[in-house]
Amino acid sequence: MDKRRSDTRERIRTVAMELFGERGYEKTSLREIADRLGVTKAALYYHFRTKEDIVVSLSEDLRRGVDDIVEWARAEPPGRARSEQIVLRYGALLHGLGRSMMRFWAENQPAFRDLGIGTGLRYEFRELADLIAGPEAPPLAVFHARQALLTISWSLSMMGDLDLDDAQGNAAATRLALDILARL
Numbered sequence: 499m500d501k502r503r504s505d506t507r508e509r510i511r512t513v514a515m516e517l518f519g520e521r522g523y524e525k526t527s528l529r530e531i532a533d534r535l536g537v538t539k540a541a542l543y544y545h546f547r548t549k550e551d552i553v554v555s556l557s558e559d560l561r562r563g564v565d566d567i568v569e570w571a572r573a574e575p576p577g578r579a580r581s582e583q584i585v586l587r588y589g590a591l592l593h594g595l596g597r598s599m600m601r602f603w604a605e606n607q608p609a610f611r612d613l614g615i616g617t618g619l620r621y622e623f624r625e626l627a628d629l630i631a632g633p634e635a636p637p638l639a640v641f642h643a644r645q646a647l648l649t650i651s652w653s654l655s656m657m658g659d660l661d662l663d664d665a666q667g668n669a670a671a672t673r674l675a676l677d678i679l680a681r682l
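631 is the number that this note's numbering gives to position 133 of the sequence shown; each next residue is one higher, with no gaps.
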């Protein structure tokens with residue numbers, strides 16, 4: 499039963515992201531999400547009471563994934579290998595969440611601000627960059643670490659109009675991010 503419930507929640511989240519991408523977050527209603535899924539609004543309510551709940555659940559996935567990377571990185575010695583692994587794990591995390599999710603985050607900053615999600619994610623992003631750069635790194639090293647992470651993030655949110663599949667975009671972004679790390 500838990501597997502089926504989990505699959506349904508994932509379908510709801512996927513369809514919501516599709517609709518948010520097509521119509522915009524503010525212009526999408528729960529009724530439209532339910533209609534696209536072919537379920538009643540009451541069935542949708544069983545899983546998510548509001549569209550904000552859908553967005554929060556997706557941001558929690560990202561937060562948990564980043565927390566896992568941070569926990570892993572703290573247990574590893576600083577250095578090039580750890581920095582590269584952080585970038586690779588961050589890329590895998592974002593790639594797993596998908597292009598539509600990242601594009602939604604990039605295009606709907608007011609929704610994230612209103613839900614109080616953005617601040618926490620910015621802090622975690624900076625923590626990852628600090629772990630890449632290493633302890634007591636000069637500002638330029640932290641800048642490069644942040645740029646490496648942004649290369650991954652922006653490749654998913656801003657390159658959707660290019661004729662590249664997700665795997666191609668992820669591979670290219672990862673190569674660029676690792677090239678940036680070579681400057682540390």
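Each residue gets a CB set at the ideal place from its N, CA and C atoms; glycine is no exception.
Same chain, Cβ closer than 8 angstroms to residue i, neighbours up to 5 away in sequence not counted
i, result
"M499", "In this prediction, M499 scores a pLDDT of 47, lower than 50, which makes its location untrustworthy; the coordinate-derived value is nonetheless stated afterwards. Hits under 8 angstroms: none found."
"R561", "G618, L619 and E622"
"E574", "R580 and Q583"
Cβ distance (whole Å) where residue i is taken to contact residue j below 8 angstroms
i, j, result
"L679", "S557", "About 26 angstroms; that fails the 8 angstroms criterion."
"A665", "V585", "Rounded, the Cβ-Cβ distance is 17 angstroms, inconsistent with contact."
"T672", "G589", "5 angstroms"
"A571", "L648", "A571 to L648, Cβ: 18 angstroms. No contact."
"I615", "V554", "7 angstroms"
Under 8 angstroms between C-beta atoms of residue i and residue j
i, j, result
"G658", "P576", "no"
"R547", "V513", "no"
"Y523", "A609", "yes"
"D566", "L595", "no"
Cβ neighbours of residue i in the same chain (closer than 7 angstroms, five flanking residues each side left out)
i, result
"L592", "M600, I650, S651 and L654"
"L517", "T526, E530, I531 and R534"
"R507", "H545"
"L613", "E550, V553 and V554"
"L660", "none"
Residues near residue i in its chain [Cβ-Cβ closer than 6 angstroms; skip 5 each side]
i, result
"R681", "H642"
"R587", "I567"
Minimum Cβ-Cβ distance from residue i to chain B less than 8 angstroms
i, result
"I531", "You won't find chain B in this structure, because it holds only one protein chain."
Quick one: any contact between the segment 618-636 and the segment 536-550, if contact means 3 or more CB pairs under 8 angstroms? no
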